[in-house]
Amino acid sequence: GAGVSQTPSNKVTEKGKYVELRCDPISGHTALYWYRQSLGQGPEFLIYFQGTGAADDSGLPNDRFFAVRPEGSVSTLKIQRTERGDSAVYLCASSKDTDTQYFGPGTRLTVL
Amino acid sequence: AQSVAQPEDQVNVAEGNPLTVKCTYSVSGNPYLFWYVQYPNRGLQFLLKYITGDNLVKGSYGFEAEFNKSQTSFHLKKPSALVSDSALYFCAVRDGSSNTGKLIFGQGTTLQVKP
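So the protein sequences, as listed, match chains A and C. Under my numbering, the letters of the first sequence match residues 329 to 440, in that order. Under my numbering, the letters of the second sequence match residues 719 to 833, in that order.
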């Protein structure tokens with residue numbers, strides 16, 4: 329079946345701009361996660377949704393980052409006033425409840 | 719606080735030889751442990767997990783891992799390495815006693831298998 333998909337695969341933006349990254353989870357998966365992976369590092373947790381609500385947003389670095397999942401399926405990660413330090417690969421994962429997480433291919437964000 | 723350590727940045731083995739990629743963890747509750755593999759420009763692929771039960775768990779592509787509670791380790795192993803196993807490997811831990819699913823990842827270990 330279809331895996332987790334993320335769009336766009338690459339995003340280049342200028343410092344100060346707003347970006348949205350989209351994640352389509354595996355059908356039927358109630359849990360959805362966002363992680364950020366910087367070059368040479370392991371993924372770092374950002375936020376976890378159970379259904380429509382953010383059950384744990386302790387990994388969001390500051391209030392420029394926000395994520396939504398209005399219908400309990402697709403999620404959008406929103407970054408305001410982007411900074412060069414936001415450049416990274418943003419990974420989305422989904423799972424049934426809190427079981428094994430399956431990852432999408434990621435969105436590579438470059439802030440110039 | 720949860721943490722994962724992968725002490726080796728890179729592991730080099732010859733094809734056909736056994737391989738081990740090391741991982742140690744720290745978690746306050748019950749450890750749920752995972753191994754993922756990442757190929758260049760691709761997302762993470764799940765290999766195997768330990769939740770409970772037998773300490774030796776078997777996963778995809780002939781990989782296995784052994785949970786050792788006293789040493790807080792979860793080393794990844796394969797009896798005979800293939801060149802195609804060359805990739806970046808991540809160990810991750812979750813606190814099974816909490817209701818958050820967040821994973822804490824190690825820094826990753828690059829496995830290089832030479833013909």
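All C-beta atoms in this analysis are idealised placements derived from N, C-alpha and C, irrespective of residue type, glycine included.
Rounded to whole angstroms, the separation of the alpha carbons of A:Phe373 and A:Gln365 is 9 angstroms. For A:Leu437, no CB of chain C lies under 8 angstroms from its own CB, so it is not counted at the interface with that chain. In the DSSP assignment, A:Ser401 falls outside any beta strand (DSSP E), carrying neither H nor E.
Interface with chain C (8 angstroms Cβ-Cβ cutoff): A:Asp352 is excluded. Taking a C-beta distance under 8 angstroms as the contact criterion, C:Glu784 and C:Lys776 do not qualify as a contact pair. No Cβ of chain C is located within less than 8 angstroms of the beta carbon of A:Leu349. When the Cα atoms are used, A:Gly370 and C:Phe808 turn out to be separated by approximately 7 angstroms. If you draw a 10 Å sphere on the C-beta of A:Asp391, you find fewer than 16 other C-beta atoms in it, and that means exposed. Among the residues of chain C, those whose CB is under 7 angstroms from the CB of A:Tyr430 are Phe764, following chain order.
In the same chain as C:Leu800, and ignoring 5 residues on each side of it, the C-beta atoms closer than 8 angstroms to its own belong to Glu733 and Val831, in chain order.
The beta-carbon separation of C:Thr790 and C:Ser744, rounded to 7 angstroms, stays under the 8 angstroms limit for a contact. Within the region 813-832 of chain C, Asn817, Thr818, Gly819, Lys820, Leu821, Ile822, Phe823, Gly824, Gln825 and Gly826 place their CB atoms closer than 8 angstroms to a CB of chain A, listed in sequence order.
Between A:Gly434 and the set A:Cys351, A:Arg409, A:Phe377 and A:Arg412, the nearest pair of CA atoms involves A:Cys351. Considered as a whole, the region 730-808 of chain C harbours 737-739, 742-744, 749-756, 762-768, 774-776, 782-786 and 791-796 as its complete beta strand (DSSP E) runs of no fewer than 3 residues, in chain order. In terms of beta-carbon proximity, C:Phe785 stays away from the interface with chain A, with every pair separated by 8 angstroms or more. Annotation for C:Gln830: the continuous beta strand (DSSP E) segment containing it runs Thr827 to Lys832.
Proximity of A:Ser355 to chain C, defined by a Cβ-Cβ separation below 8 angstroms, is not satisfied. As computed with DSSP, A:Tyr363 is found in a beta bridge with A:Phe373 and A:Leu419. Among the residues of chain A, those whose CB is under 7 angstroms from the CB of C:Phe808 are Gly370, following chain order. DSSP places C:Arg812 in the strand class (E or B) of the three-state scheme.
In this chain, the beta strand (DSSP E) harbouring A:Ala383 covers Gly381 to Asp384. When only Cα atoms are considered, C:Thr742 and C:His793 end up about 8 angstroms apart.
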